[in-house]
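Asker: What follows is a structure written as structure tokens; I'll ask about it next.
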Amino acid sequence: MSHVGLGWRSPHYQALLERREPLAFLEVHSENFFAEGGAAMEVLRQGREAYDISLHGVGLALGSEAGLDPWHLDQLARLVERVQPVRVSDHASFARAPLSPGQMPVHGADLLPVGFTPAALDIMVSNVQQVQDRLRRPLLVENLSAYVRWTTSTLSEAEFLNALARRSGCSLLLDVNNLVVNALNAAEADPVAAACVVVDALARETVGEIHLAGYNDEGVLVIDDHGSRVHEPVWQVYAHAVARFGRVPTLIEWDTDVPPLDVLLDEVRRAELVADAVSKAQREAA
């Protein structure tokens, strides 16, 4: 049985409902379905009848010192109650802060990186626990593709994420593409090896989902744009991740320049083949 799902975007709403491809799950962006009703919610209802649904958010801003937006959390809780998803996830990032002291926080509409410090960890643990208490279920927190680094960081990314999972009880959503993008932007001599170092440093029991996507490399800065096929270095790191964590639920993400559905299904099949090859190699080595 497949362990691979697909990011369900509007160009393929109808096609997947009609074709009922054998996918492990569909993943949607939570914020796109906060409205009380309407066409979007009806599509999601139909999708939920055919597939397991994973809700992936971009707006909780879990690392924000200003705290969570109560309205956003209320909307997410209502959506979770209606959909009963198999997983709920968001990012290890911040986005909410006041423009000046004493003002109400505003949302930066971006996934901004946090410093890997004990103080930032305390903030994120508190916010994640608040979300989990409200949703009455564990949250999955995704590692970030970050284009700047905080010089104040005293922990590695893996140390930060392991401590977050241990202290809050959350799980991790491992975005393999983000690991490779960060390694490329850091000009690592071997970006695959650098990404695999992070994979090896993560606690085995914490990873509950893996994301695969494409990136844009124009030679100056590598951008995590989810606009192309998964690149070869990402497949290599994915194989390493499967060997370490097993066949955890895996998602093909494609959010910009969305291609025909059959192209996405081809990426799904490749993820299955990679996992099959890893499993075969492990059996033969046992």
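If you read the sequence shown in the working numbering, its first letter stands for residue 3, the second for the next number, and so on.
No residue lacks a Cβ here, since even glycine has one placed at the ideal position from N, Cα and C.
Can you tell me whether DSSP reads VAL178 as helix, strand or coil?
Answerer: Residue state, collapsed to three classes: helix.
Asker: Within the chosen definition, does the segment 86-104 reach the segment 141-156 through at least 3 CB pairs nearer than 8 Å?
Answerer: yes
Asker: With DSSP collapsed to three states, give me the class of GLY210.
Answerer: Three-state DSSP puts GLY210 in a strand.
Asker: Taking the straight line between their C-alpha atoms, what separation do you get for GLY171 and GLN134?
Answerer: 9 Å
Asker: Out of VAL280, ARG285, ARG271, point me to the one whose CA is closest to PRO24's CA.
Answerer: ARG271
Asker: If you measure between the beta carbons of LEU64 and PHE36, is that distance less than 8 Å?
Answerer: no
Asker: Indicate the three-state DSSP secondary structure (helix, strand or coil) for GLY49 in the structure shown.
Answerer: helix
Asker: Going along the chain, which unbroken runs of the alpha helix (DSSP H) with 4 or more residues stay wholly within the segment 4-72?
Answerer: 15-21, 40-52
Asker: Could you spell out where the alpha helix (DSSP H) holding SER102 opens and where it closes?
Answerer: Careful: SER102 lies outside any alpha helix (DSSP H) and carries neither H nor E.
Asker: Would you decide whether ASP268 is buried or exposed? Buried here means 16 or more other CB atoms lie within 10 Å of its CB.
Answerer: Classification for ASP268: exposed.
Asker: Assuming SER32 and LEU78 are in contact, meaning their beta carbons sit under 8 Å apart, how far apart are those beta carbons, in whole angstroms?
Answerer: 6 Å
Asker: Where GLN48 and PHE118 are concerned, what is the direct C-alpha to C-alpha distance, given to the nearest angstrom?
Answerer: Within the model, the alpha-carbon separation for GLN48 versus PHE118 is close to 41 Å.
Asker: According to DSSP, simplified to helix, strand and coil, what is SER170?
Answerer: helix
Asker: Check whether the Cβ atoms of LEU223 and ILE254 lie closer than 8 Å to each other.
Answerer: no
Asker: Here's the rule: buried if 16 or more other CB atoms are within 10 angstroms of the residue's CB, otherwise exposed. What is ASP177?
Answerer: Buried, because 16 or more other Cβ atoms sit within 10 Å of the Cβ of ASP177.
Asker: Where does PRO140 fall in DSSP's three states?
Answerer: coil
Asker: Cβ of VAL244 within 8 Å of Cβ of ASN179?
Answerer: no
Asker: Secondary structure at ASN145, three-state DSSP: helix, strand or coil?
Answerer: If DSSP states are grouped into helix, strand and coil, ASN145 belongs with coil.
Asker: Using 10 angstroms around the beta-carbon of ALA340, count the other beta-carbons present and answer buried if the total reaches 16, otherwise exposed.
Answerer: Outside the shown range of the chain (3 to 288) lies residue 340, about which nothing can therefore be said.
Asker: Give me the Cα-Cα distance between THR154 and PHE96, rounded to the nearest whole angstrom.
Answerer: 16 Å
Asker: How long is the line joining the alpha carbons of LEU266 and LEU8, rounded to whole angstroms?
Answerer: 8 Å
Asker: VAL30: which of ARG22, ALA42, GLU38 sits nearest, CA to CA?
Answerer: ALA42
Asker: Counting C-beta neighbours from all protein chains within 10 Å, is the total for SER12 16 or more, i.e. buried, or is it exposed?
Answerer: Burial check for SER12: the Cβ neighbour count within 10 Å stays below 16, so the residue is exposed.
Asker: What distance in whole Å lies between the Cβ atoms of PHE247 and VAL209, which are believed to be in contact at a cut-off of 8 Å?
Answerer: 5 Å
Asker: For the putative contact between ALA68 and ALA94, defined by C-beta atoms under 8 Å, what is the C-beta separation to the nearest angstrom?
Answerer: At roughly 16 Å, the Cβ-Cβ gap does not stay under 8 Å, so ALA68 and ALA94 are not in contact.
Asker: Spatial neighbours of LEU175 within its chain, please: C-beta separation below 6 Å, excluding the five flanking residues on both sides.
Answerer: SER91, LEU142, GLU144, GLU211
Asker: Is VAL200 closer than 8 Å to LEU113 when the C-beta atoms are compared?
Answerer: no
Asker: Is the beta carbon of VAL150 less than 8 Å from the beta carbon of PRO115?
Answerer: yes
Asker: Using only the alpha-carbon positions, how far apart do HIS242 and ASP219 sit?
Answerer: Approximately 23 Å between the Cα atoms of the pair.
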